[in-house]
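A.B. asks: Quick one: the structure is below, questions incoming.
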Amino acid sequence: MERIDLLKELQKLTPPERLAVIEAALQQLRADLEGTPERKSLAVRRQEMAVAAQALQADYAAGGELTACTALDAEDFHA
């Protein structure tokens, strides 16, 4: 059912009936949200990414294992 159809059907109900439907929908939504992990704030995610980047910095520094293939950048590559 489309949202617009749902709203039209709600208009057919009496105000107390609409309120009961809305309350039931809110209860379902709250139950769904309780099972969902809380989203981390942007600041927390940025801090976690900064810590992870620092931990991997040595691996990506010149001379590290992950940059060994860059010596081949000038060569043609054909898969």
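In our numbering, the protein residues as written are 30 to 108.
All residues carry an ideal CB built from backbone N, CA and C; glycine is no exception.
1) Can you look up residue 109 in the DSSP assignment and give me helix, strand or coil?
2) At which residues does the alpha helix (DSSP H) containing residue 36 begin and terminate?
3) Are the CB atoms of residue 50 and residue 39 nearer to each other than 9 Å?
4) CA-CA distance, residue 60 and residue 87?
C.D. replies: Taking the structure as given:
1) Because the chain spans 30 through 108 in this model, residue 109 falls outside it and cannot be assessed.
2) Walking along the sequence shown from the start, residue 36 turns up at place 7. Its alpha helix (DSSP H) spans residues 32-40.
3) Position 21 of the sequence shown, counting from 1, holds the residue named residue 50. Position 10 of the sequence shown, counting from 1, holds the residue named residue 39. Yes, the Cβ-Cβ distance between residue 50 and residue 39 is below 9 Å.
4) Start at 1 with the first residue of the sequence shown, and residue 60 comes out as number 31. Start at 1 with the first residue of the sequence shown, and residue 87 comes out as number 58. Using only the alpha carbons, I get a separation of about 45 Å.
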